[in-house]
Amino acid sequence: MKNFLPLILTLFLASCGSTVENTSEESSDNAPTYAVDFKEFSEREADCASEQCTEVKIVLPFLKGGDTVITAEVNTDIEDQYRQLIRSRLPEPRSTGSWESLAASFIEGYELFKMEFPDDPTSWYLYLEGRESSIVGDTVFTVMVNDSEFMGGAHGNSATLIQSYSLKDGMPIDFVERYGVHLKEVAERKFRAHHSISINEPLNDAGFIFPEEGFILPDNIGYSSKGLILIYNPYEVAPYSTGTTELIIPISDLEARSEAS
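Residues are numbered in my numbering as their position in the sequence shown, beginning at 1, plus a constant of 4.
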């Protein structure tokens with residue numbers, strides 16, 4: 005996925021210090037040492053005595069140590085993505101200002117809603133929690149964000165957002181560019197096996213909503229300790245009731261396909 009926001013308009017992974025089979029990012033004994041830390045922030049509506057108050061909770065992952073230029077570039081990109089995620093939920097979208105002011109704008113949106121619908125008993129929430137983010141194989145930083153919101157309606161929405169960064173240059177990793185058509189081929193086999201769909205059965209006949217051209221990769225792909233993780237969030241290729249589809253592809257599967265072609 006190119007950034008976190010597109011998924012939200014249609015509705016970042018692994019254990020810290022773990023290693024993956026082979027991320028194709030070769031490690032070096034002289035490589036800079038990075039660590040992951042988190043900034044936390046929360047804000048609740050004023051004068052709310054209930055346990056269920058409108059609130060915003062943010063857990064922002066960030067890099068420490070290593071190459072200072074790469075660390076700064078990655079952290080800036082992550083913060084920008086977080087701001088965009090909040091911005092998309094504000095009554096008057098903006099991405100500048102402190103976390104406090106952005107959270108206050110979200111709560112203001114709820115207060116405006118209550119002025120229009122005073123009898124609505126529900127409270128709103130927005131949780132952006134990147135606590136599962138980690139260094140993978142020493143050369144990749146994978147950001148995993150659990151994004152949950154309720155802003156009225158029949159139910160809340162939740163999604164898992166993923167982005168892997170190369171610690172060689174600080175750039176987001178393009179998995180299609182890295183693994184080519186093999187990634188799509190292996191992913192489709194995994195998807196069909198996960199949902200018990202035969203190779204000849206049209207995916208949409210099994211209740212999915214893929215485009216006319218057929219199977220597509222999800223917006224959220226990243227390295228994890230188990231391999232490549234692919235997540236289809238609710239509404240992406242299936243109704244809300246289907247929930248989330250999480251696939252794990254061992255890196256060896258992708259490399260074997262590439263070597264055979």
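Each residue gets a CB set at the ideal place from its N, CA and C atoms; glycine is no exception.
Where does residue i fall in DSSP's three states?
i      : result
Ile255 : helix
Val241 : coil
Ala39  : strand
Ser109 : helix
Leu130 : strand
Phe145 : strand
Asp151 : strand
Thr100 : coil
Glu120 : helix
Glu25  : Annotation note: pLDDT 44 at Glu25 (below 50); position unreliable, coordinate value reported separately. Reduced to three states, the DSSP call for Glu25 is coil.
Leu165 : strand
Leu67  : strand
Arg93  : coil
Arg135 : coil
Thr249 : strand
Glu55  : coil
Glu115 : helix
Glu47  : strand
Below 6 Å CB to CB, which residues in the same chain sit around residue i once its five sequence neighbours on both sides are set aside?
i      : result
Leu106 : Ile90
Glu250 : Ile235
Glu259 : none
Tyr244 : Pro238
Tyr183 : Leu258
Ser109 : Leu94
Thr246 : none
Under 8 Å Cβ to Cβ from residue i, same chain only, skipping five residues before and after it: list those, please.
i      : result
Glu25  : Low per-residue confidence applies at Glu25: pLDDT is 44, beneath 50, and the placement is therefore not dependable, though the value from the model is reported in the following sentence. Correct list, in chain order: Gly231, Pro254, Ile255 and Ser256.
Val73  : Gly174
Gly218 : Leu207
Gly160 : Tyr129, Ser152, Glu153 and Phe154
Just to confirm, are residue i and residue j a CB contact at a threshold of 9 Å?
i      : j      : result
Ala158 : Thr248 : no
Phe145 : Tyr169 : yes
Lys68  : Thr58  : no
Lys188 : Val180 : yes
Ile201 : Phe195 : yes
His199 : Ala210 : yes
Val60  : Phe45  : yes
Leu165 : Asp178 : no
Pro222 : Asp81  : no
Ile220 : Val241 : yes
Please report the Cβ distance between residue i and residue j, rounded to the nearest whole angstrom; I am assuming they are in contact, meaning their Cβ atoms lie under 8 Å.
i      : j      : result
Ile213 : Asn224 : Not quite, the Cβ-Cβ distance comes to about 17 Å (not below 8 Å), so this is no contact.
Glu55  : Ile111 : At roughly 17 Å, the Cβ-Cβ gap does not stay under 8 Å, so Glu55 and Ile111 are not in contact.
Leu207 : Gly134 : Contact flag wrong, Cβ pair sits at about 31 Å.
Ser137 : Met119 : Not a contact, Cβ separation roughly 38 Å.
Leu130 : Glu153 : 5 Å
Ile4   : Leu132 : It is not possible to answer for residue 4, since the shown part of the chain is limited to 5 through 265.
Here's a check: name, in chain order, each residue in its chain whose Cβ is nearer than 7 Å to the Cβ of residue i, leaving out the five neighbours to either side.
i      : result
Met2   : Outside the shown range of the chain (5 to 265) lies residue 2, about which nothing can therefore be said.
Ala53  : none
Pro97  : Arg91
Glu104 : Glu47
As an exercise, report each continuous alpha helix (DSSP H) stretch of at least 4 residues that is fully enclosed by the stretch 171-233, in chain order. Listed in chain order, they are 179-183 and 185-198.
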